[in-house]
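Asker:
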Amino acid sequence: MSYICRKALSLGGVTYQPGDAIPDGAVLPSRVRSLTSCGYIVEQTDEPAAEAPAPTGETSGGVLYVPIKGDDDLTVPIPVDGAAFIFALQQSTADEAAAMLQDVEDENVLILIHATDSRKSVRAAAKARAAALHPSEDANGGSAASHPPDKA
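According to our numbering, the stretch in the sequence shown is residues 24 to 175, in order.
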């Protein structure tokens, strides 16, 4: 399926700017929902793209693209305010961090916390929050996007 880039985005080492066509296969199926819900991509249709609403969000005006190394090398787009939240969370105690995660709505923030925080209780809380955001997937075994793999 083809997509149109709505916000600057890097996929597989290729940077796409708003309005660029993203070819078939460039977006991992496990990332489509997250990138769509965050406003980074929209499905390409036969209708003119000019009628699609402009993306909203980014109160701080910027996005960071954070590479996550592992079985599937992945670049996660994080709004600047989301990155600030992650740093604040990592400076808090494990109990405070677990409580802070209960209000997180951004799946990419949860993915990055799970990938970078070494505290088991915080990682478990991030995984549980991701599952709570998408309860319908849990009945079907979940997905890679909502359940990042545990590090050994």
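From the three backbone atoms N, C-alpha and C, an ideal C-beta is built for every residue, glycine too.
(1) Between SER144, LEU112, LYS92, SER33, which has its C-alpha nearest TYR63's C-alpha?
(2) Cα-Cα, which of PRO41, GLY35, SER57 is closest to ASP47?
(3) Given a threshold of 16 other Cβ atoms within 10 Å of its Cβ, counted over all protein chains shown, does ALA149 qualify as buried or as exposed?
(4) For LEU87, which residues of its own chain have a beta-carbon under 7 Å away from its beta-carbon, when the five flanking residues on both sides are left out?
(5) Which value, in whole angstroms, describes the spacing of the CA atoms of ALA72 and THR38?
(6) Quick check on the burial criterion: 16 or more other C-beta atoms within 10 angstroms. Buried or exposed for LEU144?
(7) State the beta-bridge partners of CYS61 as determined by DSSP.
(8) At what residues does the beta strand (DSSP E) containing LEU51 begin and finish?
(9) Compute the distance between the beta-carbons of VAL65 and ARG29, then report whether it is under 8 Å.
Answerer: Looking at the atomic coordinates:
(1) Among SER144, LEU112, LYS92, SER33, the Cα nearest to that of TYR63 is on SER33.
(2) ASP47 has its Cα closest to that of GLY35, out of PRO41, GLY35, SER57.
(3) Burial call: buried.
(4) ILE101, VAL103, ALA106.
(5) Caution applies to ALA72, whose pLDDT of 44 falls short of 50 and renders its modelled position unreliable; the value that the coordinates give is listed next. When only Cα atoms are considered, ALA72 and THR38 end up about 20 Å apart.
(6) Note that residue 144 corresponds to Ser in the displayed sequence, not to Leu. It is exposed - the Cβ of SER144 has fewer than 16 other Cβ atoms within 10 Å.
(7) Beta-bridge pairing links CYS61 to no other residue.
(8) It is not in any beta strand (DSSP E) - LEU51 carries neither H nor E in the DSSP assignment.
(9) Yes. Within cutoff.
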